[in-house]
Each structure stands twice: as C-alpha cells, then as structure tokens.
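Participant:
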Amino acid sequence: NRKMVIYCETIDLCWRVVSYLWSLLPDGPEKRTRVRLYHAMCWPEENEETVRLIRDDPKCQVIVATIAFAQGFNVKPLLDCIQLGVPSSLNQLVQQEGRIGRDGLSLSRCIVLAQPKVLEAAERYMRGLYTISLCSFELTCDAVHFPLEMPALPDSTVTKPSKVKKPQKVPNMDPSKARLLVERKCLTSRRNILYQNPPPEQSALD
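Here's what the structure looks like:
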C-alpha cells in the first residue's frame, strides 16, 4: 500500500516499463488504474487524470514517468521513488526524488539504479580531474580520496620510461553527479557538502 513513481530517461523506456508491469497484472481495465503513464506526449487531460488518481484513488499505486513529472506537483500519498538510470545532473536527481514524502511525516525512500558503465565513467571523470602530466610522468591521485599532498617527484637520475601511457579520455559529466557516484562513505553527508547544507546530524565526513 505504498504509492510509487518510477522515473525513466525516455518515453520509449516508460512504455517498456509500463508494458512489463501491466503484463504482471490480471487482465482487465483495473490494471490501467493501478499503473499509470505520465510524460509530455500524453494528452494533458490524461496526465491530469493520472495525478488525480495517484492522489485520491487507493487502487492507483504506480506512476511511470519522465522528468515531466518532476516539478510542480504536491502529491502527498507518494512515498517511494525508483530512478531507472542516473539523471543527467545531481539537481535533476534531487528534483525527481522531491516528489515523494511531501506529507512531512511518512518515511519515504528513493532508489537510483545506476548502470556499471555510468559508475565507471564517474571514476574516470574524477581521475581526470586529479591527473597531472609533468615532465613525461603522469601522477594520478585516487578517484575516491582527495590527495593530502603532492606526490614526490622522481629522482632526475632515474631513467625515464621510454613510453608514456596515453591517458583515457575524460567523459563529459556533471561534476557534482560524478562526485556523488564515487562516494564510498556517506551519500547524505556528501550531498550536504555539495549543496553546502548544514547537516541534521554529525557524520564521518562533516
């Protein structure tokens, strides 16, 4: 009995997800009430009916939506959010999860399903930020931990390597999104740092 919104990056993915969920339900018109579709290509009247159902009808349990459902809605019964894929920016991620738990009393949950290639791209992006090329030597800091001091330069008497390893191309990514994706200790605390929020309670990173 927890109402949910599932965010998809594209309208095509919305249709694939809603079709799969409908296939799990018994035949009949009720399944189109339990699982609804919301995106910019739906008729405005249909989207308005979807908002009304998720707000007022206990039979309506799930909305499958694009970012079109991320702003301007105050649907208090929504408690859970699943984001299929990591949004393009941290601001979009926060905006989408902001549709849930708006009654201020219930415990709400947001789950972001990130593809391994996106996590790998975030690691490469962070490595690219802290890679320094100097005198044909590549000094690379760990992607997860900030360097505390500059690494020692090699002795001039040491034979330089004959071939320098070509650095990987740094992917184009929102910096805040990349920093959150490589966080290993506390996601909440990392978000507080990125947004300069005073933490509600102290954590290991504060």
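Count the sequence shown with our numbering and you get residues -1 to 204, in order. Just so you know, even glycine gets a beta-carbon here, dropped at the ideal spot from N, CA and C.
What separation, rounded to the nearest whole angstrom, lies between the Cα atoms of residue 10 and residue 114?
Facilitator: In the sequence shown, counting from the first residue as 1, residue 10 sits at position 12. In the sequence shown, counting from the first residue as 1, residue 114 sits at position 116. If I take the Cα positions, the gap works out to 21 Å.
Participant: Within the present structure, is the beta-carbon of residue 50 separated from the nearest heavy atom of the ligand HEM by less than 6 Å?
Facilitator: Absence of the ligand HEM from the depicted structure is noted, as is the absence of any ligand whatsoever, leaving it without description.
Participant: Go through its chain and collect everything with a Cβ distance to residue 37's Cβ below 7 Å, but skip five positions before and after it.
Facilitator: Walking along the sequence shown from the start, residue 37 turns up at place 39. Counting only Cβ-Cβ distances below 7 Å, and skipping sequence neighbours, we find 9, 12, 63, 64 and 66.
Participant: By DSSP, does residue 2 sit in helix, in strand, or in coil?
Facilitator: Taking the first residue of the sequence shown as 1, we reach residue 2 at position 4. Strand.
Participant: Residues in its own chain within less than 7 Å of residue 85 by CB, not counting five upstream and five downstream?
Facilitator: Start at 1 with the first residue of the sequence shown, and residue 85 comes out as number 87. Cβ-Cβ distances below 7 Å link residue 85 to 91 and 94 in the same chain, with the five nearest sequence neighbours on each side left out; the list follows chain order.
Participant: Using C-beta distances below 6 Å, list every residue in its chain close to residue 31, excluding the 5 sequence neighbours before and after it, in chain order.
Facilitator: What you label residue 31 is simply residue 33 of the sequence shown in a count that begins at 1. Cβ within range, chain order: 57 and 58.
Participant: Across the region 39 to 47 and the region 71 to 87, are there enough close Cβ pairs to call them in contact, namely three or more that are closer than 8 Å?
Facilitator: No: the two stretches stay apart, fewer than three of their Cβ pairs being nearer than 8 Å.
Participant: Drop a sphere of 10 angstroms on the beta-carbon of residue 39, count the other beta-carbons inside from all chains shown, and report buried for 16 or more, exposed for fewer.
Facilitator: Position 41 of the sequence shown holds residue 39. Answer is exposed; the Cβ neighbour count stays below 16.
Participant: Kindly provide the ranges of any beta strand (DSSP E) runs that are 3 or more residues long and lie completely inside the region 20 to 87, ordered along the chain.
Facilitator: 33 to 36, 60 to 63 and 76 to 82
Participant: Hey, residue 185 and residue 174 are a contact pair by Cβ (cut 8 Å); roughly how many whole angstroms apart?
Facilitator: Along the sequence shown, read from residue 1 onward, the residue named residue 185 stands at position 187. Along the sequence shown, read from residue 1 onward, the residue named residue 174 stands at position 176. In fact, because the Cβ distance is near 12 Å, the residues do not count as touching under 8 Å.
Participant: Specify the secondary structure class of residue 177 as computed by DSSP and reduced to three states.
Facilitator: Residue mapping note: residue 177 aligns to position 179 of the sequence shown, counting from 1. In this structure, residue 177 counts as helix in the three-state DSSP scheme.
Participant: Using CA coordinates, which residue listed in 88, 79 and 119 is at the minimum distance from residue 100?
Facilitator: Residue numbering aside, residue 100 sits at position 102 when the sequence shown is read from its first letter. Ranking 88, 79 and 119 by Cα distance to residue 100 puts 79 first.
Participant: Quick check: the Cα distance between residue 16 and residue 26, rounded to an integer number of angstroms?
Facilitator: On the sequence shown, position 18 is the one that residue 16 refers to. On the sequence shown, position 28 is the one that residue 26 refers to. One C-alpha to the other measures close to 15 Å.
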